[in-house]
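Note sheet for the following structure.
Residue numbers (our numbering): -4 to 299.
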């Protein structure tokens, strides 16, 4: 049997009886130390190349985060490339996550049956097992031709051209915005272009997310004004990670404050402690949540 619970004054969550009992018996910690790594691996249009396995470069950062007491370490979008999951590229990450008893989030192109693939954020639990996936819901198109390229794919292009230039035209887009229950709190995930839409972060917050992880793979900067706006409007802390050819890897504490930020266009590792008790207090006493008017928001879900 499942029960419905009210979270943050507005968010309805369905938990099994066992999960509900665990929520009561296992209070969440008041703070959490997190790490984010600005590092490059495979890029958006990179296809697998022999002898290149970025996972080896990720393991030392997982070990460092574990030594320093972090409970979560976040890596960028795309970084593991086109892979089967689980597979050789995920095994070192699983082993490091287990050895350090740490959560890990990292991006890849996950291959499934036939020619199907998706832009995926993999979630590794403390046991080293892959305990969750988030599939990017908003495809980002960078190379195109003709008018209104965001509506129609380029014409007369082969699958190989798509893979090397616009793989998100042919990827399997996600159809859900899940919230993951970590032992320190509830975590939502966005991938790159998802963050340019206000709705995903708001939905994640209303579903109970206390921390939103935003992984990116772009040559520009992750926008701190978007991070600050999400934290202000949706009462969440944030961790953003980008590849090292860009910038804007940062950690925010939920009060519109950026606690730490990586320098641009270089590999770096950052860490900070987030006050989750304060985030929860903001959520439970929010005027913004209490005074929402869902009856006025129908336009947000209307299909033109």
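Even for Gly, the Cβ is constructed at its ideal location relative to N, Cα and C. These figures come from a predicted structure and were not determined experimentally.
- Contact annotation, residue 180 with residue 174: C-beta distance approximately 10 Å; criterion of less than 8 Å not satisfied.
- Check the Cα spacing between residue 28 and each of 37, 134, 200 and 233: the tightest is with 233.
- The Cβ-Cβ distance between residue 135 and residue 187 falls below 7 Å.
- With contact defined as three or more Cβ pairs closer than 8 Å, the region 209 to 226 and the region 241 to 251 are in contact.
- Here DSSP, grouped into helix, strand and coil, assigns residue 39 to coil.
- Residue 102 sits in a strand when the DSSP states are folded into three classes.
- In summary, residue 62 is exposed, with fewer than 16 beta-carbon neighbours lying within 10 Å of its beta-carbon over all protein chains present.
- Residue range 67 to 69 is occupied by the beta strand (DSSP E) that includes residue 67.
- By the Cβ-count criterion, residue 297 is exposed, with fewer than 16 other Cβ atoms from all chains shown falling within 10 Å of its own Cβ.
- DSSP lists 31 as the beta-bridge partner residues of residue 265.
- With contacts defined by Cβ atoms closer than 7 Å, residue 153 and residue 196 do not form a contacting pair.
- Per DSSP, the continuous alpha helix (DSSP H) segment holding residue 94 begins and ends at 86 to 95.
- From the listed residues 133, 83, 77 and 52, the smallest Cα separation to residue 107 is found for 77.
- Contact between residue 93 and residue 64 does not hold, since their C-beta atoms are separated by about 17 Å, which reaches or exceeds 8 Å.
- Taking the CA atoms as reference points, residue 24 sits about 16 Å from residue 231.
- For residue 274, the enclosing alpha helix (DSSP H) has its first and last residue at 271 to 279.
- Between residue 210 and residue 127, the beta carbon gap of about 14 Å keeps them out of contact (Cβ cut-off 8 Å).
- By the 16-neighbour rule on beta-carbons within 10 angstroms, residue 55 is exposed.
- Per DSSP, residue 232 lies in no alpha helix (DSSP H) segment; the continuous beta strand (DSSP E) that holds it begins and ends at 232 to 236.
- Taking the C-beta atoms as reference points, residue 155 is found no nearer than 7 Å to residue 111.
- Secondary structure in the region 103 to 182: the alpha helix (DSSP H) runs of 4 residues or longer, each lying completely within the stretch, are 154 to 160 and 162 to 165 in chain order.
- Residue 162 and residue 114 have their C-alpha atoms some 9 Å from each other.
- Taking all protein chains in view, the Cβ of residue 189 is crowded by 16 or more other Cβ atoms within 10 Å, so the residue is classified as buried.
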